[in-house]
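Notes follow once the structure below has been shown.
Numbering (the working numbering), first residue to last: 11 to 187.
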């Protein structure tokens with residue numbers, strides 16, 4: 011097989027199973043190990059201090075972390091505030107993607123902002139197609155839109171087979187957050 015030249019990839023982790031954010035964090039750590047500059051932007055989540063944010067913050071020389079969500083939308087006290095937060099986070103992400111200053115931009119829990127029409131899918135696709143050739147973009151979240159999947163270079167769908175929550179076991183520190 012003859013390989014094409016390297017390029018920034020669009021990577022999507024989607025599906026109803028656990029592990030989407032965890033995979034994105036793994037890629038961020040791997041990229042940081044190679045000295046790459048990464049931006050990790052968390053949409054939706056945001057009301058709790060999480061292990062992933064604490065861990066990524068330890069790499070602050072290479073990984074810029076921004077938690078920009080107001081928490082899960084099903085717990086929202088005001089969806090219009092959630093929408094404004096998602097739009098602000100998207101504007102920030104869009105500027106970083108197009109700037110060329112980052113080797114990788116991770117948009118965690120981003121599919122929710124698209125699927126709830128808080129962010130325009132058309133704008134997202136236009137931005138992703140205009141990104142600098144070296145910039146990898148990683149998107150996580152359930153129900154990735156088909157148009158985004160079609161544009162992607164790598165898509166992994168997580169399928170839940172078994173989860174302790176169904177047995178009445180609460181989310182575990184170090185596992186879910």
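Cβ coordinates follow ideal geometry from the N, Cα and C atoms, glycine included.
For residue 117, the pairing in a beta bridge is given by DSSP as 51 and 149. Considering only 157, 24 and 52, the residue with the shortest C-alpha distance to residue 130 is 157. As computed with DSSP, residue 75 is found in a beta bridge with 50. Look at the beta carbons and you see the stretch 131-144 not touching the stretch 40-60: under three pairs across the two are nearer than 8 Å.
Between residue 24 and residue 151, the C-beta spacing is below 9 Å.
Annotated three-state conformation of residue 136 is helix, per DSSP. The C-alpha of residue 164 lies about 19 Å from the C-alpha of residue 46. The beta carbons of residue 99 and residue 64 sit no closer together than 9 Å.
Between residue 116 and residue 143, the C-beta gap is not smaller than 9 Å, which leaves the two residues out of contact. Per DSSP, residue 63 is one residue of the alpha helix (DSSP H) stretching across 61-67.
Take the alpha-carbon of residue 95 and the one of residue 169: they are about 29 Å apart. In the DSSP assignment, residue 93 falls within the unbroken alpha helix (DSSP H) covering 89-109. Looking at the DSSP output, residue 20 shares a beta bridge with 147.
If the five residues before and after residue 155 are omitted, its C-beta is found closer than 8 Å to the C-beta atoms of 121, 124, 125 and 131, all from its own chain and listed in chain order. Here residue 112 has 47, 48, 49, 106 and 145 as same chain residues with Cβ atoms under 7 Å from its own Cβ, once five neighbours each way along the sequence are excluded. In the three-state scheme derived from DSSP, where H, G and I count as helix and E and B as strand, residue 43 is classed as helix.
Around residue 104, the same chain offers 133 and 137 as residues with beta carbons nearer than 8 Å, after the five sequence neighbours per side are excluded.
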